[in-house]
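Chemist:
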Amino acid sequence: MALLSKKDTKLITDPLLDNNPITIQVLGICSALAITAQLKASIVMALSVMAVLAIGNVVISLMRNIIPSKIRIIVQLVVVAALVIIVDQVLKAFSYELSKTLSVFVGLIITNCIIMGRFEAFALANGPWKSFLDGIGNAAGYGLILVIVGFFRELLGSGTLLGFKVLGDPIEKTGLYALGYENNGFMLLSPMALIVVGIIIWVQRSRNEALVEDN
Amino acid sequence: MEYIELFFKSIFIDNMVFATFLGMCSYLAVSKKVSTAVGLGAAVVFVMLITVPLNWLLDQYILQPGALKWLGAEYADYDLSFLSFILFIATIATMVQLVEIIVEKFSPSLYNSLGIFLPLIAVNCAILGGSLFMQSREIPTLGLATVYGVGSGIGWFLAILAIAAIREKIRYSNVPPALRGLGITFIITGLMAIGFMSFGGMLTGGDEEGAKEEKTVKVETPEAENVKELANNTKEIN
Numbered sequence: 001m002a003l004l005s006k007k008d009t010k011l012i013t014d015p016l017l018d019n020n021p022i023t024i025q026v027l028g029i030c031s032a033l034a035i036t037a038q039l040k041a042s043i044v045m046a047l048s049v050m051a052v053l054a055i056g057n058v059v060i061s062l063m064r065n066i067i068p069s070k071i072r073i074i075v076q077l078v079v080v081a082a083l084v085i086i087v088d089q090v091l092k093a094f095s096y097e098l099s100k101t102l103s104v105f106v107g108l109i110i111t112n113c114i115i116m117g118r119f120e121a122f123a124l125a126n127g128p129w130k131s132f133l134d135g136i137g138n139a140a141g142y143g144l145i146l147v148i149v150g151f152f153r154e155l156l157g158s159g160t161l162l163g164f165k166v167l168g169d170p171i172e173k174t175g176l177y178a179l180g181y182e183n184n185g186f187m188l189l190s191p192m193a194l195i196v197v198g199i200i201i202w203v204q205r206s207r208n209e210a211l212v213e214d215n
Numbered sequence: 001m002e003y004i005e006l007f008f009k010s011i012f013i014d015n016m017v018f019a020t021f022l023g024m025c026s027y028l029a030v031s032k033k034v035s036t037a038v039g040l041g042a043a044v045v046f047v048m049l050i051t052v053p054l055n056w057l058l059d060q061y062i063l064q065p066g067a068l069k070w071l072g073a074e075y076a077d078y079d080l081s082f083l084s085f086i087l088f089i090a091t092i093a094t095m096v097q098l099v100e101i102i103v104e105k106f107s108p109s110l111y112n113s114l115g116i117f118l119p120l121i122a123v124n125c126a127i128l129g130g131s132l133f134m135q136s137r138e139i140p141t142l143g144l145a146t147v148y149g150v151g152s153g154i155g156w157f158l159a160i161l162a163i164a165a166i167r168e169k170i171r172y173s174n175v176p177p178a179l180r181g182l183g184i185t186f187i188i189t190g191l192m193a194i195g196f197m198s199f200g201g202m203l204t205g206g207d208e209e210g211a212k213e214e215k216t217v218k219v220e221t222p223e224a225e226n227v228k229e230l231a232n233n234t235k236e237i238n
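Protein chains in written order, with our numbering: chain A, 1 to 215; chain B, 1 to 238.
1) Kindly indicate if chain C contains any beta-carbon less than 8 Å away from that of A/W202.
2) Enumerate in chain order the residues of its own chain whose CB-to-CB distance from B/L58 is below 7 Å, with the five nearest sequence positions on each side excluded.
3) With DSSP as the reference, please indicate the residues paired to A/F164 in a beta bridge.
4) If B/N55 and B/M134 are in contact, beta carbons under 8 Å, what's the gap, nearest whole angstrom?
5) Indicate the three-state DSSP secondary structure (helix, strand or coil) for B/C60 in the structure shown.
6) Secondary structure at B/T189, three-state DSSP: helix, strand or coil?
7) Considering B/E104, what are the terminal residues of the alpha helix (DSSP H) in which it resides?
8) Is the CB of A/S206 under 8 Å away from at least one CB in chain B?
9) Would a C-beta distance cut-off of 8 Å place B/I121 and B/V47 closer than the cut-off?
10) Using the C-alpha atoms, what's the distance from B/G66 back to B/I13?
11) Is any beta-carbon of chain A found at less than 8 Å from that of B/F46?
12) Please classify A/F186: is it buried, with 16 or more other beta-carbons within 10 angstroms of its beta-carbon, or exposed?
13) Any C-beta of chain B within less than 9 Å: which residues of the region 10-27 of chain A qualify?
14) How far does the alpha helix (DSSP H) with B/G72 in it reach, from first residue to last?
15) Considering A/R205, what are the terminal residues of the alpha helix (DSSP H) in which it resides?
16) What is the rounded straight-line gap between the Cα of B/A164 and the Cα of B/R171?
17) By a C-beta neighbour count over all protein chains shown, 10 Å radius and 16 as the cutoff for buried, is B/N174 buried or exposed?
18) Pick helix, strand or coil for B/D207, following the three-state DSSP scheme.
19) Closest Cβ-Cβ distance between B/F186 and chain A: below 8 Å?
20) Cα-Cα, which of A/A81, A/A123, A/Y181, A/V52 is closest to A/N65?
21) Taking B/A126 as the reference, give the member of B/I4, B/V45, B/K9, B/Y3 with the closest Cα.
22) Mind checking B/A178: buried by the 16 CB within 10 Å criterion, or exposed?
23) Determine the chain B residues that contact A/Q38 at a beta-carbon separation under 9 Å, and present them in chain order.
24) Pick out whichever of B/A29, B/L6, B/V17, B/M1 has its Cα sitting closest to the Cα of B/L182.
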């Protein structure tokens, strides 16, 4: 490809699996767990993070030669905070209900470790185009885990996906519920998010032995 | 009474780690050893004690709709609440920096033990989360905001202390290879969070004040003992 060299493609695909920000780099877990009870909230959160991370990476990478290293954390925080305010205002304007569900977690994108982590590890040392791809890739890896967790929690917890009753109606006993299936309300509680992520890590590391760490 | 209630509520029921998952990144990264966990936990309590009341003042006198009234009647209908993220994070970053300088000057030994953790705290979501929850829950007075800050800090401290102690012990157990390290920590944290959910009834059970207090004490003891046990265990190892 002319637009994406082999190295560039790797920047996007690596964080999806073998260098996933959540399961391998252990970044950005805070927000990942709290809002995954519904698939829709997870998708919106993933998109918000992607916007902030991609744009922020480009901005930081453009400024990387003029930021004094002593105050770089404050500069980075200001850049992220400005971007997050924009995202927050857009969400409030176009889907107010959803922004209420996400409550403070949109604001917490500021301190989402993925963002600071990628700024420090990548954008400060690379050009804008590479940083942009790195931002997209890492946010996609983050979003992937969010969507997987959100999918299972919403499906098993409330029997719906994006609000559609895919398993039938629990009150009128149609679909699976006619066979005696019950929703597992436990999946909606926050501790299950941790356990689901734990299981994802388990599956991922069993498939790729190189990722196994010491006890 | 409401001070005590809020204090215990923010430690146990609304525990930063187990109920809202804030500060998970540093919680997972720094919980390999009890001694470092204690250092980071203490720094978090300290910074929250300062930043939450400070941000409460900012929220009350600058950010809320109509908060600028003290400047004159013509400012009364200004609403600056969209600026809260940037002001809160700026406060936190400056306070962390300031605390670092002050601690270095007056207590070098404390500075050496906290050293590396202080700058890390600026990006700990628990701190910003504390301020944002303080704002969204509309905590009414400065005193309560302080209590809320300290309580949440202690809750976080407790959580990281407990998981660090468990992780030190788990080194001797036979965990499936793929779960080692991160995976098992996630699952243990999940189980601990389920345990902490049982504190949910702590402040709602019983109608009378007396009954409420009794219940509070009863529910607390097993946990306190548990933590003490954990602490003792770790002392032995050290």
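Using N, Cα and C, we set each Cβ at its ideal position, and we do this for glycine too. On a predicted model such as this, the values are computed, not experimentally measured, just so you know.
Modeler: The answer reads as follows:
1) Absence of chain C from the displayed structure is noted, the protein chains being A and B.
2) L87, T91
3) In DSSP, A/F164 forms a bridge with A/L161.
4) 7 Å
5) Strictly speaking, residue 60 of chain B in this sequence is Gln, with Cys absent from that position. Reduced to three states, the DSSP call for B/Q60 is helix.
6) helix
7) Element bounds for B/E104: 84-106.
8) yes
9) yes
10) Computed Cα separation, rounded: 32 Å.
11) no
12) exposed
13) T23, I24, V26, L27
14) Looking at the DSSP string, B/G72 is not in any alpha helix (DSSP H), and its letter there is neither H nor E.
15) 190-207
16) Straight-line spacing of the CA atoms in B/A164 and B/R171 works out to 11 Å.
17) exposed
18) Unreliable positioning characterises B/D207 in this predicted model, as indicated by a pLDDT of 44, which lies under 50. The coordinate reading is nonetheless provided below. If DSSP states are grouped into helix, strand and coil, B/D207 belongs with coil.
19) yes
20) A/A123
21) Measuring C-alpha to C-alpha distances from B/A126 to each of B/I4, B/V45, B/K9, B/Y3 identifies B/V45 as the nearest.
22) Buried.
23) The contacting residues do not exist; A/Q38 stays about 16 Å from chain B at best.
24) B/A29
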